[in-house]
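For reference, the structure discussed in these notes is given below.
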């Protein structure tokens, strides 16, 4: 059936010819039924085809599954094999553990051999290390204590012997000096002279009175021919000695004292020799006991302190040997476990017919066992899966056969219903759903075109009505606003009216702008008039205030006022700088506060401030001045771009920083001057007594290596402290060793503390590991000094060195020493 659009005629002409088509409009209501039936046909056909194809596919799969199942062999159970594998895996990686243990044993053995090779005094092997008989640490400590005591007593005896020898030499030297100027008469010499005189007198009496022959006895007095002469000579000698004893009583007494001193010194030397021999014998006995303590181990020992260090090395070796033995035992246990698991796995594999070569390592056997178990389990899983799949395939085939029959019956019922439906459309039963739907679509298009033609007729009529109304409105507007356009067509008149509207709007906008400018000018005139009036009044007031008769004189007055203000500002700035340097305090209070500063802290603070000025402030000030000069030069070369403004801001910021640093520099310099003045005052008041007391402490701490301290001046004429050795040599602080400098610092602190406690309440003196760099001699001297200080105040010394504790306990118990273990 031809449509209206295909004829090329107008809708009005077609409306009459299509009037008979309305009888076919009810057929449009059957379109959904046709589509539903078409969809049912597609679904039924697809169901039937899918059922047939699926049935054929499942039958083919069933045949393949049966062939695959029949090709797989029957497999035994792997439960025992799995249990053996699990037990081996539960034991971790024994092969790696054994290799790691072997490496550790080799490394530990090498370490022990190296330690044994480094160990002196003993040439045994590692097997003898655990059972080597050695003295205990307590016994070594007792030996060390006794050796130290003998050494201390020996040193004391040597010192005493030196003192006695010095006294004996002094007495002999004095005797020699006394006798060198002439013999000194003695009571013994006088008694001897008198005895000889009396003997001669007896010979004379026997010769003269009794007439005896005494020539034989007189022959003993050679050089004298006659007995009377000999008697007179000996009589004169005896009288002379007696007179000299009275005249030279002082020399006689001096000689007696010196001889007594010589005798006493010799007796002390003999007694001291006995003590030295006793101590030497005690040392020999102790040496024998010390040698015997190590004899069983075949060791020729060194000193107890050295053997204690040797014992530390030996204990480390013994610990290493013990670790080596433990690791060897652990290795044996691991090897036994590996052999046990390997044998069990090999036996189970042999039962399953999978026996292999015997291996010393477990991992290959374990991997073969796991592969065997996995292979057998996989075959069993495949057979079970195939059996399950065959059963499912057979069930599915039965269901597909039922579905295929149902799809065939449903398709036959559809064909009967379809033949009845298409007969109502005038189509044959064999017409397809597509042909029926195309017929319905053509009907729908036909009726759609008819409805659209009716709507277009209505729209055309409405447009014609709107066009007439618009023409009337344009004619009315032209008559009111622009009668000269009355003869133009409507569209041209509309364009001309739009141009007139735009022109009038521009004129209106310009008029508003001019009115606003006029109003602004009027306001500016009023403001200027008000300012002129105010300035004239202000000028009159300024003349009256300055005492001028006319405004021309104000400039000179203003210049004088500005000069006065600048002077006042300069004065204020100077006062502010002084106050800022003193932290806002008056100079009188600054001086009073400086007196309260701890003098001991002043040198460090002055040094820090000088260092800050020299290393930070002055270099920074110079750098900022240079930077300011460079940027000022760059600023002069700049034009009017914004870069110049940015650099000017930077220059102002740098200028502010320079001003701030300069003010801080002034404050630091002022504070440094005050501190130096206070240091000089403190030094002048305390240098003498403080250095003298520190000198005494320093001499005691260095055990006479230094006689004391002196103040001197270096190359820069700055007072410094120097040490004076026993030979008079002066040693600066930088020439002292680190330990000696520590002793010097301790001596100064002790002297300062004693001076402080002389005028204030005592406070505890607490030091922490101050003896860490001291040897035993220095530590002993420092501890003695601290014991002396403990007589005046409490002393608390923290240390983690046991040797310091031992020395403290060995001190003379002038003050109780309490040791607290933290």
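Residue numbers (our numbering): 867 to 1688. By construction, the Cβ of each residue, glycine as well, lies at the ideal position given by its N, Cα and C atoms. Just so you know, these numbers come straight off a predicted model, no measurement behind them.
Can you list, in chain order, the residues of its chain whose CB lies under 7 Å from that of residue i, leaving out five sequence neighbours each side?
i            : result
residue 934  : 1252
residue 1691 : The chain is shown only over 867 to 1688; residue 1691 falls outside these bounds and no answer can be derived.
residue 834  : There is no way to answer for residue 834, as the model of the chain reaches only from 867 to 1688.
residue 1683 : 1674, 1675 and 1677
residue 1570 : 1592
residue 1616 : 1563, 1651 and 1655
residue 1649 : 1673, 1674 and 1677
Do you know whose CA, among the options, lies nearest residue i's CA?
i            : options                   : result
residue 1070 : 1054, 1097 and 1061       : 1097
residue 1094 : 1106, 1080 and 1107       : 1080
residue 1631 : 1571, 1637, 1662 and 1390 : 1662
residue 969  : 1009, 1196, 987 and 1154  : 1196
residue 999  : 1160, 1013 and 927        : 1160
residue 1642 : 1063, 1019, 1171 and 966  : 1171
residue 1018 : 1607, 946, 1146 and 1107  : 1146
residue 944  : 967, 956, 1242 and 1143   : 1242
residue 1664 : 1646, 1002, 1658 and 1688 : 1688
residue 1559 : 1066, 1619, 1284 and 1083 : 1619
residue 961  : 1015, 924, 1020 and 1229  : 1229
residue 1236 : 946, 913, 1622 and 1666   : 946
residue 1053 : 1104, 1262 and 1011       : 1104
residue 1260 : 1066, 1007, 923 and 938   : 923
Determine the burial state of residue i: buried for a count of at least 16 other Cβ atoms within 10 Å of its Cβ, exposed for fewer.
i            : result
residue 1074 : exposed
residue 1380 : exposed
residue 1431 : exposed
residue 1401 : exposed
residue 931  : buried
residue 1062 : buried
residue 1326 : exposed
residue 1647 : buried
residue 1668 : exposed
residue 1059 : buried
residue 1377 : exposed
residue 996  : exposed
residue 1207 : buried
residue 1361 : exposed
residue 1009 : buried
For residue i, which residues from the same chain have a beta carbon less than 8 Å from its beta carbon, with the 5 sequence-adjacent residues on both sides left out?
i            : result
residue 1685 : 1671, 1674 and 1675
residue 971  : 1190, 1193, 1194 and 1197
residue 1564 : 1572, 1574, 1575, 1589, 1609, 1610 and 1613
residue 981  : 1179, 1182, 1183 and 1186
residue 1089 : Only weak support is given to the placement of residue 1089: the predicted model assigns it a pLDDT of 45, under 50, and the question is left unresolved by the model.
residue 913  : 1269, 1273 and 1276
For residue i, name the three-state secondary structure that DSSP assigns.
i            : result
residue 1266 : helix
residue 1353 : coil
residue 1585 : strand
residue 1683 : coil
residue 1019 : helix
residue 1137 : helix
residue 1066 : helix
residue 1496 : helix
residue 1578 : strand
residue 847  : Lying before the first or after the last residue shown, residue 847 is absent from the chain, which here runs from 867 to 1688.
residue 1075 : coil
residue 1534 : helix
residue 1591 : strand
Just to confirm my understanding: we take residue i, look at its own chain, exclude 5 residues before and 5 after, and list those with CB closer than 6 Å. What are they?
i            : result
residue 1344 : 1351, 1352 and 1359
residue 1660 : 1630
residue 1213 : none
residue 1028 : none
residue 1598 : 1588
residue 1633 : 1663
Measure from the C-beta of residue i to each C-beta in chain D and report whether the shortest distance is under 9 Å.
i           : result
residue 916 : This model lacks chain D altogether, as it is built from one protein chain only.
Checklist entry - Curious, which full-length beta strand (DSSP E) runs of at least 3 residues does the region 1146 to 1228 contain? => result none
Checklist entry - Where are the beta strand (DSSP E) runs, 3 residues long or more, that stay fully inside the region 1365 to 1437, in chain order? => result none
Checklist entry - Counting only runs that start and end within the region 1598 to 1670, where is the alpha helix (DSSP H) found for 4 or more residues in a row? => result 1604 to 1625 and 1642 to 1656
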